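In the working numbering, the protein residues as written are 167 to 353.
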């Protein structure tokens, strides 16, 4: 079933000529019509409780997130990865498809992806966010240093290891009447 599911997704992503060839193969081998949306509904309904997520930027941080076992039991399923380097999408191995960043809008919209984890260099941030928003993304976990601007219907969670370290640094020990206690200071 895993092979069949990936084959169907592959066919959906390719041009019309290849799509019709894939459809013929599926009809011959499995008696499935790829143009029949019911076959996609069956695949999608299996994980209907899970929210779909993609990784945008497959550099060191994004590539580390390709291990989808990190998300086991979270209610989130990583279903696509994107990078501006076509070479990187061809070299990296993953259990879900990896695409050139130019396909973000089409894949996010077509696969109804809810969330994105943004791990791109600063210079690419604005372009990638625009593509995600045009594709209909609902939420972005932003690992970049850039403060991103999105419409009100898109939610953003900024994650910064530097800010987390600063918050830890600002937890200070204070002596009060000879006792030590920890005081947390929010930045």
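The beta carbon of each residue, even a glycine, is placed where N, CA and C say it ideally should be. Because the structure is a prediction, the values reported are computed rather than measured.
- Message: Per DSSP, what are the beta-bridge partners of residue 247 in this structure?
- Response: Against the chain shown, residue 247 aligns to sequence position 81. Residue 247 is bridged to 221, 264.
- Item | When 296, 324, 233, 215 are compared against residue 316, the one with the closest alpha-carbon | Taking the first residue of the chain shown as position 1, residue 316 is located at position 150. It is 296 whose Cα lies nearest to the Cα of residue 316.
- Among residues of its own chain, excluding the 5 on either side of residue 241, which ones have a beta-carbon nearer than 8 Å to its beta-carbon? Here residue 241 corresponds to residue number 75 of the chain shown, with the count starting at 1. Within the same chain, and ignoring the five residues on either side of residue 241 in sequence, the residues whose Cβ sits closer than 8 Å to its Cβ are 215, 216, 217.
- Task: Have a look at 326, 233, 245 and flag the residue whose alpha-carbon is nearest the alpha-carbon of residue 276.
- Result: As a working note, residue 276 is residue 110 in the chain shown. Between residue 276 and the set 326, 233, 245, the nearest pair of CA atoms involves 245.
- Item | Inter-residue spacing [alpha-carbon to alpha-carbon] between residue 267 and residue 234 | Residue 267 sits at position 101 when you count from the first residue of the chain shown. Residue 234 sits at position 68 when you count from the first residue of the chain shown. The straight-line gap from Cα to Cα measures roughly 20 Å.
- Query: Among 320, 243, 256, 287, which residue has its Cα nearest to the Cα of residue 302?
  - Reply: Your numbering for residue 302 matches position 136 in the chain shown. Cα-wise, what sits closest to residue 302 is 320.
- Task: Count the other CB atoms, across all protein chains shown, that sit within 10 Å of the CB of residue 274; report buried if there are 16 or more and exposed otherwise.
- Result: Here residue 274 refers to the residue found at position 108 of the chain shown. With 16 or more other Cβ atoms within 10 Å, it is buried.
- Query: Can you check whether the CB of residue 304 is closer than 8 Å to the CB of residue 288?
  - Reply: For the purposes of this step, residue 288 is taken as the residue at position 122 of the chain shown. For the purposes of this step, residue 304 is taken as the residue at position 138 of the chain shown. It is not a contact, given that the beta carbons lie outside the stated cut-off.
- Whether residue 285 touches residue 232 by CB criterion (8 Å): The count along the chain shown starts at 1 and reaches residue 285 at position 119. The count along the chain shown starts at 1 and reaches residue 232 at position 66. Cβ atoms of residue 285 and residue 232: not closer than 8 Å.
- residue 229: which of 279, 254, 290 sits nearest, CA to CA? Within the chain shown, numbered from 1, the residue matching residue 229 stands at position 63. The shortest C-alpha to C-alpha distance from residue 229 to any of 279, 254, 290 is the one to 254.
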